[in-house]
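For what it's worth, my numbering labels the leading residue of the sequence shown as 94, then goes sequentially.
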Amino acid sequence: MTDPAFKAMSVEEYLRSEENSPIKREYVAGFVYPLHAQAGVTRGHSMIAMNIAATLHPQARKQGCRLHLSDMRLRIEEQNTFYYPDVMLVCDTKTGGNLAETAPCLLVEVLSESTAQVDRVGKYAMYTGLPSLQTYLLVHQDERRVVEYTRNPEHPTQWDMREVIQDGKLSIPCLGVALTLDDIFDGVLDAQSS
Numbered sequence: 094m095t096d097p098a099f100k101a102m103s104v105e106e107y108l109r110s111e112e113n114s115p116i117k118r119e120y121v122a123g124f125v126y127p128l129h130a131q132a133g134v135t136r137g138h139s140m141i142a143m144n145i146a147a148t149l150h151p152q153a154r155k156q157g158c159r160l161h162l163s164d165m166r167l168r169i170e171e172q173n174t175f176y177y178p179d180v181m182l183v184c185d186t187k188t189g190g191n192l193a194e195t196a197p198c199l200l201v202e203v204l205s206e207s208t209a210q211v212d213r214v215g216k217y218a219m220y221t222g223l224p225s226l227q228t229y230l231l232v233h234q235d236e237r238r239v240v241e242y243t244r245n246p247e248h249p250t251q252w253d254m255r256e257v258i259q260d261g262k263l264s265i266p267c268l269g270v271a272l273t274l275d276d277i278f279d280g281v282l283d284a285q286s287s
């Protein structure tokens, strides 16, 4: 017998059961959703997330920030929600806890067919509601294309969107560095064709 696609439970029950769950599950407004991608992501997806983390890690450590790949939960308390972002950067180290971060300044999702719509719409709405967030990146894995959402410094409730393709740089304001598409896609498209 298999588990239903989603199941209602309390936050406490979710956190307690998640530690022993054979699959990762996200928690949205009282319901638990299994992450189907847990069975395995593509080579490109894995390499993109690792490339971003490897590029940002030295500067993050130097500045005392925490950088996580997809195994750390993000808790959005106001929405009673937990997600597993592909890459998460937290520079306000007085926030969060051992089981989840609460104040990221950068979130990255690598798009796949099964998650693209949720990443573009549902997670966008949740993530951009976080006061700490400065940048949200949606990275395509089959072409050199990144959609960058940045908080407008003059109007903090507004988000500016731009699409970066082929070459170009993305600003990571909380670290004061740039991330290039060469950094993100290093070896990825070649690896996918082999």
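For glycine and all other residues, C-beta sits at the position ideal for the given N, C-alpha and C.
Just so it is clear, the structure is predicted and the values come from calculations on it, not from any experiment.
Other residues of its chain near residue i: CB distance less than 6 Å, five sequence neighbours each side excluded
| i | result |
| --- | --- |
| P127 | I116, R118 |
| V270 | Q152 |
| H150 | L160 |
Per-residue DSSP class, three states only, for residue i
| i | result |
| --- | --- |
| Q131 | Reliability of the predicted coordinates at Q131 is poor, the pLDDT of 46 falling under 50, and the value obtained from them is presented with this limitation in mind. It is helical. |
| E202 | strand |
| T148 | helix |
| C100 | Note that residue 100 is Lys in the sequence shown here, rather than Cys. Of the three classes helix, strand and coil, the one that applies to K100 here is strand, per DSSP. |
| T250 | coil |
| N113 | coil |
| Y242 | strand |
| H233 | coil |
| A271 | strand |
| M165 | coil |
| L182 | strand |
| K216 | helix |
Residue from the options with nearest C-alpha to residue i
| i | options | result |
| --- | --- | --- |
| I277 | E247, Y220, P178, L231 | L231 |
| T243 | D235, E236, V257 | V257 |
| N191 | S103, L282, E112, D279 | E112 |
| D275 | C267, K262, P266 | K262 |
| R255 | Y229, S103, Q156, D279 | Y229 |
| I141 | R237, S114, R154, K155 | R237 |
| L108 | M165, H150, T148 | M165 |
| E105 | H248, R168, C267 | R168 |
| V121 | S264, Q259, Y220 | Y220 |
| D260 | T273, H248, P249 | T273 |
| N173 | A101, E247, K155 | A101 |
Residue i versus residue j - alpha carbon distance
| i | j | result |
| --- | --- | --- |
| A193 | S163 | 12 Å |
| A216 | E171 | First, the amino acid is wrong: residue 216 is Lys here, not Ala. Rounded to the nearest angstrom, the two C-alpha atoms are 14 Å apart. |
| L282 | A209 | 19 Å |
| S264 | T188 | 23 Å |
| F124 | S110 | 13 Å |
Beta-carbon contacts of residue i that lie in its chain and below 7 Å, excluding the five residues immediately before and after
| i | result |
| --- | --- |
| W251 | Residue identity differs from the one stated: residue 251 is Gln in this sequence, not Trp. Cβ neighbours of Q251 beyond the five flanking positions: N245. |
| D279 | N144 |
Proximal residues to residue i (C-beta, below 8 Å), its chain only, five neighbours per side dropped
| i | result |
| --- | --- |
| C267 | C158, L182, C184, C198, L199, Q227, T228 |
State whether the stretch 191 to 202 contacts the stretch 223 to 231, with contact taken as three or more CB pairs (one from each stretch) at a distance under 8 Å.
yes
State whether the stretch 203 to 211 contacts the stretch 181 to 190, with contact taken as three or more CB pairs (one from each stretch) at a distance under 8 Å.
no
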